[in-house]
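Going by the numbering used here, the first residue of the sequence shown is number 2, and it counts up by one from there.
Just so it is clear, CB atoms sit at the ideal spot from N, CA and C, and this is done for glycine as well.
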Amino acid sequence: MHPQVRQSGPGNCPECGMTLEPVIPTAEDTENPELQDFSRRFYWTLPLSVIVAILAMSGPYLHWLDMALQSWIELALTLPVVLWAGFPFFKRAVQSVLHASPNMWTLIGLGTSAAFVYSVVATVAPGVFPASFVAMGRVSVYFDAAAMIISLTLLGQVLELKARSKTGAAIKSLLGLAPKTARRMADDGSETDVALADVRPGDQLRVRPGEKVPVDGEVLEGTSAVDESMLTGEPMPVSKGVGDKLIGATLNTSGALVMRADKVGADSVLASIVQMVAQAQRSRAPMQGMADTVARYFVITVISVSLLTFFIWGLFGATSTGESGWVYGLINAVAVLIVACPCALGLATPMSIMVASGKAATRGVLFKDAAAIENFRKVDTLIVDKTGTLTEGRPRFDRVIAAAGSTEDEVLQLAASLDQGSEHPLAAAIVSAARERGMTLNKAEDFESSTGIGVRGRVGGKTLALGNALLMAQLKVSVDSLKSQAEALRAEGASVMLLAIDGKAAGLLSVSDPIKSSTAAALTELKAEGIRVIMATGDGLTTAKAIAATLGIEEVHGGVTPADKLALVEQLQQQGCVVAMAGDGINDAPALARADVGVAMGTGTDVAMNSAQITLVKGDLRGIAQARAISQQTVTNMKQNLGFALVYNALGVPLAAGLLFPFTGWLLSPMVAAFAMSLSSLSVVTNALRLRG
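If you want it as structure tokens, here you go:
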């Protein structure tokens, strides 16, 4: 409930009193120590509580048993229940007082101790009570209420802990995906199986058919189809060949592969997914703030209502019941304390967040925090980058056109030499094309990247600039001689980069980036949900419009810089739009961070993923529709849980206080109140678990 609380070892939360849980659960399916402890206390003392309850109900009919002696027998049987089985509850109640943080354990501690202490005094020193307190030969005692409240609360905690353990199943299943060993190849050709923890970056590993890929890396030899569904949600196996990337814990279905280990341990995709899911599960939804505020004042109000119940019954109850009103006052006050425990209110949103974020991870959607889950359903406008978001982000080199005074080989060789220092996928395509043609690439000096528009530097004594028309305009380079060819290529959907040598246009390079096969279907689905889709790309407007026309996107912004994307997000927000930004590059990071919800492609850069609130592992835009559906379902579930908790208390507290007694004769026994309190918490957890479906 309170993820801000941290400590190095096990213990109880000082805010809510619940047992603290590991930040990252382990893959081993070990039983919760708290669950084991509570189960032992419950099963060992349940027979004693049952016997006490039977004695309390049957006492008037056991004529052979002296009533005063019966009180002593009930005391002896109740002592281990209250002092041993109930010890964790009283400990947490004391902690809540010491930390000035009243919570459910405050109420349970007060209610149970009030019933027990009163009954002990009535048994040990009955003479201190007025004669009106004596009934059937003894002062009325309520050991049965104290014992059964402890047993029923323990039962509720056992059921709740078992249900809560299922909310961490997603992380445990993710952790369980990783293989325990890897087959490492030595320089002499020998192979040995080593523990996964012993694999180091650069190791060569063999992955046989039917085995899991041990770590993230790159294929060096062989071809195969790899099932990545457990991490990306993509149902079809993906073909892998030399140079393709592999994700650890995915399943090699057919051919044998030799791979190079690149990322191991905490740096792997699987580890980052586990970290993000755990972070989302620990974070607080905005709706939780309201629940915390209500719960904080709720406990104080309940204690006040309990005291008021005690005194009203004590002062005015005798005339209507014919018995001592103080006895009724005590029992009803205890019932109010027990039935009004705010545990269900506190669990309402954390349980939904835990289940939803785990479920989303199995679909390839990673939420960074609970606020993203709660807010994504409100999004009505989506800004999408082109390269790597709508397209595959693995551009293919098309052609090179030289201006007068230059040759095609010269333009390609100089552009590739300069682009060696760039991380942009378009640059990778140019460098790869030059190397395939056997060109020697020279080292670039004074390299400078202007994010979103191009790069500059010196190669072989020549001053070079490679980028879009905006870069050429900034450098005051005339590109009129290449303008018609560039526009024709852009009209075909290609990206065009212009090369300037020593301040003069030398040629252009054309690179095309295929549209992802899933993009059209994803955009159709989003539009059907009423989402306004806008493309914003650093590519030229002509290229952007060509891609947009193919995908049916009506609003297009081409040739934009990172600052322009940021300004577009802010402009839409000022118009009252709730904006999501989807991108994959460094140039998208400012807009991703500024948007109401940033969506990064898992196939993109780390900067983009760190700036966004949601990551789509596969980089598939269909994940946005899935994320939005999960957001809507989760918020609905949280509202249901809060509704359960509030309605339950709205009905339970008046009944426990005895407000209906003058009209219906109904009173709520503290034992029934304890059972109802446990059921309310269990209902919240069970309702949250529905999100797994």
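Pairwise C-alpha distance: residue j and residue i
i	j	result
Lys163	Met639	20 Å
Gly112	Ala372	36 Å
Phe39	Glu16	21 Å
Ser423	Glu161	53 Å
Gly256	Pro396	27 Å
Arg400	Leu483	14 Å
Pro127	Val140	6 Å
Gln475	Gly190	55 Å
Lys700	Asp481	This structure gives no information on residue 700, because the portion of the chain shown stretches from 2 to 694.
Gly541	Asp597	27 Å
Leu656	Pro34	36 Å
Val600	Leu383	10 Å
Val159	Val366	32 Å
Leu21	Val95	17 Å
Asp188	Leu490	48 Å
Val125	Leu80	14 Å
Ala492	Leu690	51 Å
Where residue i sits in the DSSP three-state scheme
i	result
Ala405	coil
Asp410	helix
Gly577	coil
Ser240	strand
Ile301	helix
Arg691	helix
Arg7	coil
Asn13	strand
Ala583	strand
Lys477	coil
Asp245	coil
Thr562	coil
Met58	helix
Glu571	helix
Met186	strand
Gln614	coil
Gln37	helix
Gly531	coil
Asn469	coil
Asp145	helix
Cutoff 7 Å; reference residue i; Cβ partners in own chain excluding five residues on either side
i	result
Leu472	Ser451, Ile454, Gly455 and Ala466
Thr520	Leu391, Leu552 and Leu622
Arg693	Val356 and Lys360
Ser418	Leu442, Asn443, Ala445 and Val460
Asn376	Asp597 and Val598
Ala594	Ser612
Phe311	Gly330, Leu331 and Ala334
Integer-rounded CB distance, given that residue j should sit under 8 Å from residue i
i	j	result
Val300	Pro103	4 Å
Pro202	Asp263	6 Å
Ser152	Val82	7 Å
Ala196	Gly249	The pair is not a contact, with the Cβ atoms about 14 Å apart (cut-off 8 Å).
Ile402	Gln486	5 Å
Cβ neighbour criterion (16 or more within 10 Å) applied to residue i
i	result
Trp45	exposed
Ser479	exposed
Ala506	buried
Arg7	exposed
Phe90	buried
Tyr298	exposed
Ser59	exposed
His100	exposed
Trp73	exposed
Val618	buried
Ala69	exposed
Gly12	exposed
Ser240	exposed
Pro563	buried
Lys387	buried
Val1	Here the chain covers residues 2 to 694 and nothing more, so residue 1 does not appear.
Ala198	exposed
Residues of its chain near residue i, where Cβ-Cβ distance is below 6 Å and the 5 sequence neighbours each way are ignored
i	result
Thr320	No answer about Thr320 holds up, because its pLDDT of 46 lies below 50 and its placement is not dependable.
Gly326	Trp314, Gly315, Gly318 and Ala319
Val579	Lys379, Val380, Asp381 and Asp597
Leu669	Ala336, Leu656 and Ala657
Glu556	Ile535
Residue i CB to nearest heavy atom of the ligand NAP below 8 Å
i	result
Arg378	The ligand NAP is not part of the structure shown, which contains no ligands of any sort.
Sequence-distant residues of its chain with Cβ nearer than 8 Å to residue i (five each side left out)
i	result
Glu192	Arg184, Arg185, Met186 and Arg207
Ile502	Ser407, Leu415, Lys463, Thr464 and Leu465
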